[in-house]
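Protein chains in written order, with our numbering: chain P, 620 to 778; chain D, 620 to 778. Working notes, beginning with the structure itself.
Protein chains: 2
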Amino acid sequence: MSNSDDERFMKEAIDLARKGMHNNSGGPFGAIVVMNGEIVGRGFNRVTSTIDPTAHAEIVAIRDACHFLNRGDLSGCTLYTSCEPCPMCLGAIYWSRPDRVVYACTQNDAASVGFDDEFIYREIGQSPEDRKILMENKLRKEGYDMMKEWLEKEDRIPY
Amino acid sequence: MSNSDDERFMKEAIDLARKGMHNNSGGPFGAIVVMNGEIVGRGFNRVTSTIDPTAHAEIVAIRDACHFLNRGDLSGCTLYTSCEPCPMCLGAIYWSRPDRVVYACTQNDAASVGFDDEFIYREIGQSPEDRKILMENKLRKEGYDMMKEWLEKEDRIPY
Chain P
620 MSNSDDERFM
630 KEAIDLARKG
640 MHNNSGGPFG
650 AIVVMNGEIV
660 GRGFNRVTST
670 IDPTAHAEIV
680 AIRDACHFLN
690 RGDLSGCTLY
700 TSCEPCPMCL
710 GAIYWSRPDR
720 VVYACTQNDA
730 ASVGFDDEFI
740 YREIGQSPED
750 RKILMENKLR
760 KEGYDMMKEW
770 LEKEDRIPY
Chain D
620 MSNSDDERFM
630 KEAIDLARKG
640 MHNNSGGPFG
650 AIVVMNGEIV
660 GRGFNRVTST
670 IDPTAHAEIV
680 AIRDACHFLN
690 RGDLSGCTLY
700 TSCEPCPMCL
710 GAIYWSRPDR
720 VVYACTQNDA
730 ASVGFDDEFI
740 YREIGQSPED
750 RKILMENKLR
760 KEGYDMMKEW
770 LEKEDRIPY
């Protein structure tokens with residue numbers, strides 16, 4: 620991917636962010652997924668308009684690209700996002716495995732306009748019992764007995 | 620919440636996981652959201668059936684609860700999940716802010732049946748330039764100029 624292609628696609632992601640924000644869809648965030656020089660997925664933040672705290676631009680764009688490509692794996696793709704991904708979106712990136720991520724604003728830029736995810740980054744690095752949201756372990760054996768049925772399921776689809 | 624209530628709700632989450640897996644919805648994961656002793660959201664993994672790598676049980680349950688409660692904030696709620704959340708789901712938990720998370724299987728239990736997210740935990744702790752998925756910063760100024768429009772937008776809805 621040439622630098623001018625990268626800039627062209629990033630401008631598209633930034634335009635999408637601006638459009639979503641001014642349409643009152645949600646915060647100022649946009650993302651696109653590109654494969655072989657073609658846009659295969661688009662997303663802008665829809666958190667407030669759809670009352671969905673998971674509807675970040677990257678999540679929406681990844682879902683859109685997987686739907687369009689009819690596969691859950693984005694290898695061969697680049698994700699362009701107007702802002703450095705939060706931990707939730709980073710997780711989604713690792714599950715969907717694009718080859719590359721290009722971002723414009725940094726985590727600090729986002730924090731300076733009111734979107735601070737540093738706390739979440741820190742919390743994810745803690746073990747469950749040390750996190751600020753109380754996390755408790757119960758019925759582990761019952762859970763694990765259920766989970767082992769997965770390995771016995773002959774028609775399971777691994778992912 | 621009494622211990623017997625916790626066990627009852629966790630059994631519901633495990634049953635949901637089992638049902639989803641045997642219906643070929645996706646992997647063996649289920650989650651419910653409870654507020655004031657009532658189930659307000661449900662989810663099981665739908666990754667393979669909906670071709671959506673973000674459709675983890677917790678994400679589905681959080682979206683379902685927010686839709687039902689008509690708010691993006693789950694304070695006052697407990698999330699019961701059949702397995703310790705992955706980084707993506709943890710991110711979603713921090714954005715939606717339930718008071719408490721109860722999980723049955725651990726990260727290691729999940730890894731032993733083929734669902735290993737340790738790599739993702741490690742990657743999130745790295746700075747962008749050190750991650751295995753290539754992450755590059757481009758057009759930061761253009762992105763930040765757009766983002767600052769958020770602060771000037773008088774009808775913005777913070778979240």
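The beta carbon of each residue, even a glycine, is placed where N, CA and C say it ideally should be. If you're wondering where the values come from, they're calculated on a predicted model, not measured in any experiment.
Who does residue i pair with in a DSSP beta bridge?
i, result
"P:V652", "P:G660, P:L698"
"P:E755", "D:V721"
Report the CB separation of residue i from residue j in whole angstroms; it is logged as a contact under 8 Å.
i, j, result
"D:V679", "D:P704", "13 Å between Cβ atoms; not a contact."
"D:A676", "D:V652", "In fact, because the Cβ distance is near 11 Å, the residues do not count as touching under 8 Å."
"D:K772", "P:M640", "7 Å"
"D:E748", "P:R637", "Rounded, the Cβ-Cβ distance is 27 Å, inconsistent with contact."
"D:S668", "D:G646", "Their Cβ separation, rounded to whole angstroms, is 10 Å, which puts D:S668 and D:G646 out of contact at 8 Å."
"P:P706", "D:I743", "6 Å"
"P:N756", "D:Y713", "Not confirmed; about 19 Å, so no contact."
"D:P672", "P:I658", "No, D:P672 and P:I658 are not in contact; Cβ-Cβ is about 19 Å, not under 8 Å."
"P:G710", "D:I670", "No, P:G710 and D:I670 are not in contact; Cβ-Cβ is about 18 Å, not under 8 Å."
"P:A632", "P:T697", "About 11 Å; that fails the 8 Å criterion."
"D:A730", "D:C702", "Going by Cβ atoms, the distance from D:A730 to D:C702 rounds to 10 Å, so no, they are not a contact pair."
"P:T725", "D:R661", "Not quite, the Cβ-Cβ distance comes to about 37 Å (not below 8 Å), so this is no contact."
Any beta carbon of chain D sitting closer than 9 Å to that of residue i?
i, result
"P:R661", "no"
"P:G762", "yes"
"P:G695", "no"
"P:G656", "no"
"P:N689", "yes"
"P:S715", "yes"
"P:V721", "yes"
"P:E742", "yes"
"P:N642", "no"
"P:A729", "yes"
"P:I739", "yes"
"P:I651", "no"
"P:A636", "yes"
"P:E773", "no"
"P:A711", "yes"
If you reduce the DSSP assignment to three classes, tell me which class residue i lands in.
i, result
"D:Q745", "coil"
"P:I674", "What sits at residue 674 of chain P in the sequence shown is Ala, not Ile. Correct three-state label for P:A674: coil."
"D:P777", "coil"
"P:V666", "coil"
"P:E703", "coil"
"D:N727", "helix"
"P:K772", "coil"
"P:F734", "coil"
"D:N622", "helix"
"D:D683", "helix"
"D:L693", "coil"
"P:G710", "helix"
"D:G639", "helix"
"P:S715", "helix"
"D:R627", "helix"
"P:G762", "helix"
Would you say residue i faces chain P, with C-beta separation under 9 Å as the test?
i, result
"D:D749", "no"
"D:D735", "no"
"D:S621", "no"
Counting pairs of beta carbons, one from the stretch 691 to 707 of chain P and one from the stretch 688 to 701 of chain D, are three or more of them closer than 8 Å?
No, the stretch 691 to 707 of chain P does not touch the stretch 688 to 701 of chain D.
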